[in-house]
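Here's the structure, in structure tokens; my notes come after.
Number of protein chains: 2
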Amino acid sequence: MEALKKAIQEKGTVLPGGVLKVNSFLNHQIDTGLMIEIGKEFAHRFNDCGITKVITIESSGIAPSFFAAHELNAPLVFARKKKSLTLQDNLYTSSVYSFTKQETSEITVAKEFLHEDDTVLIIDDFLANGQAALGLVDVVKQAGATVAGIGIVIEKSFQPGREKLESAGYRVESLARIESLDNESVTFLQKDAVHS
Amino acid sequence: MEALKKAIQEKGTVLPGGVLKVNSFLNHQIDTGLMIEIGKEFAHRFNDCGITKVITIESSGIAPSFFAAHELNAPLVFARKKKSLTLQDNLYTSSVYSFTKQETSEITVAKEFLHEDDTVLIIDDFLANGQAALGLVDVVKQAGATVAGIGIVIEKSFQPGREKLESAGYRVESLARIESLDNESVTFLQKDAVHS
């Protein structure tokens, strides 16, 4: 998706160690116009899948998934993220390990908002090691619902997230695929050109 | 705002102790159509204020402020909320005490996203004791920016939040004002009829 790649190139910052900061339009300050275009693109890619619910994780997943849910005419549910949790009967929970933060969070979705007849589109802002997406998949499966696919805003294609998700049988649609963050610059994957 | 009041009446749940749960359309599952109407209403009410930035707090503030920022053609910034914080030079921070959770959080906004020439609309999902709104006001003032007003989705008018904010000189626009949650039912403030 060209507008997204342009924003990453022009407004993103690559920190040493392969960290991409997109605080100025996605993670802290939000470019709502770009988020609407991102949402529409997800909706377009999953338009024929019979999506009944879009699920993401707070907080950075909310803006890019908002318009996807709206266009697909499905409610948006954002999983809550907590460092630790007293187990509660009315919640689906899954543990998500963050390599960046080196800590485990519990993500939770209230059982009342996810049912076995749901067909779910999972959306997240980043895909790196796939832990967050796998946590959301786990929650959807606990409900007995169907995962239609996983929509990612920015994929770090040099990390194993996509491979893990595809090996497990899930369709992954990433709007920007990054081949490398070496030398503090962004190189996009060329073979993604067909989708961009 | 009638559509919001209808959603509160039909989908909200009043728990003992005056807690209003709106998990099914605002705080966990999101009704994007309603959030767009809410955003448009905020934009309409603050349309002539020269807003250059909309600020809210993660996570529940993001959805209702998204379209307000979009219609006002201003970036949306969501303050991050953390239990404790190592002070950092590049952040504005303020302490917010939650009476519900009985704990203090630090809210933070990166200095690069808030400037002294900004005219800011603050939006939050709930107004009860006013602590979160006052924390956001504090952050805006640290930047030397101007607070144009405070937009609230659901105001608990039987708690002192609005009075505190108005006493401090701020304009408060609430889309639903609740007079009472007694007897586990919702009573809206009648004098708000002119705005609804």
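Residue numbers (the working numbering), protein chains in the order written: chain A, 1 to 196; chain B, 1 to 196.
We put the beta carbon where it would ideally sit given N, CA and C, even for glycine.
Residues of its chain near residue i, where Cβ-Cβ distance is below 7 Å and the 5 sequence neighbours each way are ignored
i: A/Lys81; result: Ile57, Glu58, Ser105, Ile107
i: A/Ala132; result: Ile57, Val96, Asp124
i: A/Glu179; result: Ser157, Phe158, Thr187, Phe188, Leu189
i: A/Asn23; result: Gln29
i: B/Glu41; result: Met1, Leu175
i: B/Met35; result: Ala63, Pro64, Phe66, Phe67
CB contact check: residue i to chain B, cutoff 8 Å
i: A/Pro16; result: no
i: A/Ala193; result: In this predicted model, A/Ala193 has a pLDDT of only 49, less than 50, meaning its place in the structure is not dependable enough to derive any value.
i: A/Gln190; result: no
i: A/Asp33; result: It is Gly, not Asp, that sits at residue 33 of chain A in the sequence shown. Closer than 8 Å to some Cβ of chain B, the Cβ of A/Gly33 qualifies, so yes.
i: A/Ala110; result: yes
i: A/Phe42; result: no
i: A/Phe113; result: yes
Residue i burial status per 10 Å Cβ neighbour count (16 or more: buried)
i: A/Ala168; result: exposed
i: B/Pro16; result: exposed
i: B/Asp118; result: buried
i: A/Phe25; result: buried
i: B/His70; result: buried
i: A/Asp31; result: buried
i: A/Lys209; result: There is simply no residue 209 of chain A to check, as chain A begins at 1 and stops at 196 in what is shown.
i: A/Phe113; result: buried
i: B/Phe78; result: buried
i: A/Gly50; result: exposed
i: B/Gln102; result: exposed
i: A/Glu166; result: exposed
i: B/Glu116; result: exposed
i: B/Gly144; result: exposed
i: A/Phe99; result: exposed
i: A/Glu10; result: exposed
i: A/Glu163; result: exposed
Sequence-distant residues of its chain with Cβ nearer than 6 Å to residue i (five each side left out)
i: A/Asn27; result: Ser60
i: A/Ala193; result: Bear in mind that the predicted position of A/Ala193 carries a pLDDT of just 49, short of 50, making it too unreliable to give a figure here.
i: A/Ser174; result: Ile152, Glu155
i: B/Ile52; result: The sequence shown places Thr at residue 52 of chain B, rather than the Ile named in the question. Answer for B/Thr52: Ala74, Asp118, Thr119, listed in chain order.
i: B/Arg177; result: Glu155, Ser157, Leu189, Asp192
i: B/Phe126; result: Ile154
i: A/Gly135; result: Ser94, Val96, Ile107
i: B/Asn47; result: none
i: B/Ala43; result: Ala68, Glu71, Leu72
Below-8 Å beta-carbon distance, residue i vs any chain A residue
i: B/Thr187; result: no
i: B/Ile51; result: no
i: B/Phe126; result: no
i: B/Ser196; result: With a pLDDT of only 42 at B/Ser196, under 50, the local geometry of the prediction cannot be trusted, and the value read off the model is given with reservation. It does not; no Cβ of chain A falls within 8 Å.
Closer than 7 Å: residue i CB and nearest the ligand COA heavy atom
i: A/Glu41; result: The model depicted lacks the ligand COA and carries no ligand whatsoever.
Own chain partners of residue i with C-beta closer than 8 Å, once the 5 adjacent residues on each side are dropped
i: B/Val14; result: Leu20, Lys21, Leu181, Glu184, Ser185, Val186
i: A/Pro160; result: Asn129, Gly130
i: A/Lys148; result: Note on residue identity: the sequence assigns Ala, not Lys, to residue 148 of chain A. So the list reads Phe46, Cys49, Gly50, Ile51, Thr119, Val120, Leu121, Arg171, once near-sequence residues are dropped.
Bridge partners - residue i, DSSP secondary structure assignment
i: B/Ser98; result: B/Glu103
i: B/Glu173; result: B/Gly151
i: B/Ser59; result: DSSP output for B/Ser59 lists no bridge partner at all.
i: B/Phe126; result: B/Ile154
i: A/Ser180; result: A/Thr187
i: B/Val120; result: B/Lys53, B/Val147
i: B/Val77; result: A/Gln29, B/Ile55
i: B/Glu110; result: It should be noted that the sequence gives Ala, not Glu, for residue 110 of chain B. In DSSP, B/Ala110 forms a bridge with B/Leu91.
i: B/Val14; result: B/Leu20
i: A/His141; result: The residue asked about is misnamed: residue 141 of chain A is Lys in this sequence, not His. Answer is none; A/Lys141 lacks a bridge partner.
i: A/Lys82; result: A/Glu106
Problem - Chain-ordered residues of the segment 131-154 of chain B with a beta carbon less than 8 Å from chain A - result: none
Practice task
Could you list the residues in the segment 56-79 of chain B with a C-beta less than 7 Å from some C-beta on chain A, going in chain order?
Solution key: Glu58, Ser59, Ile62, Ala63, Phe66, Ala69, His70, Pro75, Leu76, Val77, Phe78
Handout entry: Positions along the segment 17-29 of chain A whose CB lies within less than 7 Å of some CB in chain B
Key = Asn23, His28, Gln29
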